[in-house]
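The structure appears right after this line, and notes come after that.
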Amino acid sequence: MSDKTLTRMDLSEAVFQEVGLSRNESAELVESVLQMMSDALVEGEQVKISSFGTFSVREKAARVGRNPKTGEEVPIQPRRVLTFRPSHLMKERVAAGNKR
8 MSDKTLTRMD LSEAVFQEVG LSRNESAELV ESVLQMMSDA LVEGEQVKIS
58 SFGTFSVREK AARVGRNPKT GEEVPIQPRR VLTFRPSHLM KERVAAGNKR
């Protein structure tokens, strides 16, 4: 497995290469898309990207956890968590990549 991380710079460079916008315009476009996604998730909306997957926010209730080292019970506060569910096409692509 590679240790490569896809960064914002990589995304804006891909937009620059594929679409032909300037590097600055490409970076602004990537930032704008990511900002729109973030804003929607903060508002509790789902973000669906066709053939990729769905990002959503889930509310987790308060519960009692346990410190694994001491065994002491610790209260865990309610919180919101981000979840991602890949589309079936994305799952198939990733699975096919594992067969190489």
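Numbered according to the working numbering, the sequence shown spans residues 8 to 107. Idealized CB from N, CA, C, for every residue including glycine.
For ASN31 and ARG92, the rounded distance between their alpha carbons:
31 Å
CA-CA distance, ILE83 and ALA69?
Going from the Cα of ILE83 to the Cα of ALA69 covers about 6 Å.
What does the alpha-carbon distance come out to for the pair GLU5 and LYS76?
Limits of the chain in this structure are 8 at one end and 107 at the other, which puts residue 5 out of reach.
Does VAL22 pass the burial test, meaning 16 or more other C-beta atoms within 10 Å, or should it be called exposed?
buried
Helix, strand or coil for PHE23 per DSSP?
helix
Nearest residue (CA-CA) to GLU35, options MET16, ALA47, GLU52, SER94
MET16
Can you list, in chain order, the residues of its chain with a C-beta nearer than 8 Å to that of LEU41? Leave out the 5 residues immediately preceding and following it.
The beta carbon of LEU41 lies closer than 8 Å to those of ARG15 in the same chain, with the five residues before and after it left out.
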